[in-house]
Amino acid sequence: MAVLQGLSGAHAILLASHLCATGDVVALPLLQAQFPAHLPLERLLRIILTFLPESADPSTYTPVLQALVDGRQLETGGDDINTASVKDLPEPIVRKRVRKIRLLPLQHPDDQDRQDPADLLTQFLIHRAHRIDSETALQPLVLDLLLPFYHRSEALRTWLISSLLPLLRLNYEYYPSQDETFSLDILESMDNSIAINVLLSMTGATKSNMDLVRNLRGLVGAWMYGSNRSKRRRLNEAAQENSITLPQDEAQPKTTAGVGWQQVNEWLLARSLVDHESAVNAFVNWDGPEDVDLGGYAEENKGLPDDELNDLRTRYGQTGLAVVYANADPSSPALEGSIRVLARIAEFLKLEEYLFLSPDLSELPTVKFDPEPISSTSRVSFLQNALLVASNPLTRPSASSISFLSAVCLSLRILNELGHPTPCKTAANICLLNNEETQLLELRSVVASVVRQAKTGRDWSKTRQQLLWLRDWQGDHAEDPADDYNRHGLFWRVPRNTVEAEILKALLEVREYNLAVSIYMGAGSTLSSPQVEEAVKEAVFAAYDNASNGNKTRGGMKRAYDILQAFQPRFPDSASFKQLRALISATHALSFYSLTLQHGVPFQPVSIRVHPDPLALIEKVLDQNPKSYTKLDDLLAIGRNLVSAGVSSRLTDEHDSPFLPPPSQEDATITAERRIMSLAISSALSSNDFGTAYSYILTRLTPPSLLPTSSPLTNPTPPKDDITWRAVYNAGRYRAPATTATPSNQAQITHLSQRMELLSLALVLAPSPEPLPEILGAWRRCDEELAALRARESEEEDLWDAKADSLASTNLPGGFGPTDSERDAFETRQHQVRRARAHASQNRLNYEEAPMGLFEVARGAALALQKNAFPLRSAPTTATAKTIPDDHSTPSSHMRSDSSLSDDQNGEGRVRKRDVVSNMVTDGLVSGLGWVLGAQPVNR
């Protein structure tokens, strides 16, 4: 060609460089044809790579590149080449300039893929793409550059799909509004783990759940297409060496693509923990590793081998099951999302026949599966890093794992309807790992939630069927003991009758009494009568313990009473039901009193059951309710009911020995009555109501043998106890408080007489000789006070008589005074009375000055007792008294004479009631004192 004549090879190189720098590359094929030795393809591509501006439109030089690679001329290329820039330069200068040219290598420094060395065009295009991206960031120009050539080279096709395509979609199609764009160098420097996190985490920038599906298809799917590139493998190996070593799956994927997709599965599992909805949407709308969008650049019939593809499908399905187990949100929307994932995975793996996800909870299916594969499950299998292990029986897709998980999901749906939402992992734990006790606790928690959220109109028959289904996952609930251990359910270790008992308690708590009776008291009941009775008893106690008021017409007490009313007619001979009725009656009666326990805690029914001594509550009632001691019959009824209910404590220590039989019901009742009467007497005395206490003792505590209508010789000795005598003794020691108004002398004598009568009764009722000296001492003090009062009374009478006698008869109108002889006779009688009184007093003083041993104390008390307490001794009583030893006769005769004189002088011609009672007490006292003194009756 004429224009090129005279140009050397150096001129041709310099001219090619000038043409590329000016963008006039059309003449390059012609120039190469003229100087093939100096412009081989590699050198010419390097010149283009070095000098052609990166902003040049690829459409202007891609035809030139094709012509150069194919070794042909451009059809549109002209014969004119502008050589003005080099033709006038001398050869030495041209050579010098050529030597200074530094051409870029064809292979990019970061591109270490082992491509065919003869494939110079691929190396040029990849390096050129990096240059365009780094200099202009115009990545669409890179695509225009590669489109004419990617079908020539598989390496170039792989690079375009796995590197350029994700980058273009990320920066220009999916997220064009991002402030910062990714470059080829950045994307190429990532290993699989980083790239997957980056490409999929872009989903969080928008609110559309379809973004994750799109990114899985278009970004990750395209990226994973180049997983077998040597550079990618080197990056992954380096990342694995620098990462923390975790327990590895013994069946890890063997290929690089398999490892990459497993990392995608791990990312999806982790994402489901923070954004469950988007993960659910991904599994529902994405078909796994084979569902990718490669932009149409991949070959149609080229794909993964069948064995590797099946492994990827299985692992993807395992990830879906793992997402269901890992979902910690028990709400209904989250559960329905998990069920959608499970159904999609079963459909994806052609395992739909093993699903048991009935949408209608009124017709529950019978779940049949082989439990042996999942029997080896441990708590480690539920850990997040173990859910994707290929050997995990829970998540490895199979007929058993799909059936089991679908039954668990259906159970969770039922639990949500029952108001007890539960995470999937927790439910599986309950079914597989919990023992009978723990399953029973969880069952009770479920039943409690149902009762707590009970709604009007709930079909409790359906609720019962659902609870029974949760136990064994059987739709017919046919009891088959031989096959019971081969079944599984959330509570399959809990016996059927225990579940029925818990359901019965729930029915009673929600007041479904008629339904409970019809189910469990009919012919087809699965519970025996003792089991029903025990369940009803526990339900009554539960309502009773939760009651805040003891009135049986309100709240928990009403519920307990209604339950008892509904079932007691079915168990007429039940001792436990009789105890419950007595307990409710006692609690109801106590509710009418104001009662506050320690630290200001108000009384509640459960206080009776937890109190170590429920009868002590009656003492608090007496303390906190004025005048409540007047309602003795009501308090006694409460005590009897407490004893009948079996909650009263043993009051004596004699039954605490293991060698003694427990007290009978009758003995316990008598003891409780004595204690309550004693408390009422003490309360009356505390309220200064001695009269009420005295009447209680005479009418309720006096033994039959001491009553006036009984004969002391024929009636048996009253039973000895440590309660009655103390109450009587305390009443006998009572002293009225000092008041401004001094009681009359006769009132004081009456009061002392009553006290002495009570002390006499305490002396008879004392169960042992130890308290006798104390009682006798108190009795003697009363006797001394009574003697002083009577002496003062006599003096007052004498003074009154003397005063009357000293009055002149003339001072009284119509009055006539006595004669002198009558007055002398009257003074003589007065003198004799005073002398007899002084003689008796002297005898008593002489007697009381004797040594005070137990014998003397008892004898002195007996003498004083006959003198003051029993002044009107009749003839039969005198005959009976002959059994007393002779040393008692003389003082007794004096006491009787003095008493008779005193009574005659006072004009008392009738026998007082206390004298009659005391007359009969004397015989018991004498025999008791004889027992204390060791004396034998004369008839022996």
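Numbered by mature numbering (1 follows the signal peptide of the UniProt record, and there is no 0), the letters in the sequence shown go through residues -27 to -1, 1 to 913 in order. Think of the CB as a built atom: it goes at the ideal place given N, C-alpha and C, for glycine as much as any other residue.
Secondary structure at P575: strand, using DSSP grouped into helix, strand and coil. A direct Cα-to-Cα measurement between L608 and V579 gives close to 19 Å.
T176 carries a helical assignment under DSSP once its states are collapsed to helix, strand and coil.
The C-alpha of D695 lies about 51 Å from the C-alpha of E409.
Membership of V420 in the alpha helix (DSSP H) is indicated by the continuous run E409 to R425. In the same chain as N614, and ignoring 5 residues on each side of it, the C-beta atoms closer than 8 Å to its own belong to A555, L556, S558, A559 and A562, in chain order. Closest in alpha carbon position to E64, among F464, T350, G(-19) and V701, is G(-19). Residues of the same chain with a CB within less than 8 Å of the CB of E769, apart from the 5 flanking positions on each side, are N718 in chain order. The C-beta distance from E473 to T436 rounds to 13 Å, too long to fall under 8 Å, and the pair is not in contact.
A buried status is given to M530, since no fewer than 16 other beta-carbon atoms sit within 10 Å of its beta-carbon. Here the region 195 to 214 lies against the region 157 to 164, with 3 or more beta-carbon pairs under 8 Å apart. Between the region 99 to 119 and the region 134 to 145, the count of Cβ pairs shorter than 8 Å is three or higher; the stretches touch. The distance from the Cβ of Y270 to that of T368 is about 35 Å, inconsistent with a contact at the 8 Å cut-off. A distance below 8 Å between beta-carbons, with the five flanking residues on each side excluded, links R425 to the following residues of its chain, in chain order: G392. Between V505 and L537, the beta carbon gap of about 13 Å keeps them out of contact (Cβ cut-off 8 Å).
Note that the region 296 to 314 touches the region 385 to 399; at least 3 beta-carbon pairs, one per stretch, sit closer than 8 Å. The region 17 to 25 and the region 56 to 72 do not touch, with fewer than 3 CB-CB distances between them shorter than 8 Å. Distance between S107 and P346, taken at the CA atoms: about 56 Å. Taking the Cα positions, L47 is about 6 Å away from A40. Looking at the DSSP output, T569 bridges to P575. Ranked by Cα distance from L242, the options F256, E326, G495 and G430 are led by F256. Between L590 and G612, the C-beta gap is not smaller than 8 Å, which leaves the two residues out of contact.
Taken through DSSP and simplified to helix, strand or coil, K478 comes out as helix. Taking C-alpha positions only, Q112 is separated from L141 by approximately 7 Å.
In this structure V419 is not in contact with R444, their Cβ atoms being roughly 11 Å apart against a cut-off of 8 Å. Between W240 and N144, the C-beta gap is not smaller than 8 Å, which leaves the two residues out of contact. L734 sits away from T644, with the two beta carbons spaced by 8 Å or more. Bounds of the alpha helix (DSSP H) holding H724 are N718 to L738. For F8, the secondary structure class from DSSP, reduced to helix, strand or coil, is coil. Judged by their CB atoms, S156 and A110 are nearer to each other than the 8 Å cut-off. In this structure, L282 keeps its C-beta atom at 8 Å or more from the C-beta atom of I318. K525 is the residue among R202, K525 and D(-4) whose C-alpha sits nearest the C-alpha of Q577. Measuring C-alpha to C-alpha distances from I375 to each of S364, E336, E326 and A400 identifies E326 as the nearest. Around the beta carbon of A711, a 10 Å sphere encloses fewer than 16 other beta carbons of the protein chains shown; the residue is thus reported as exposed.
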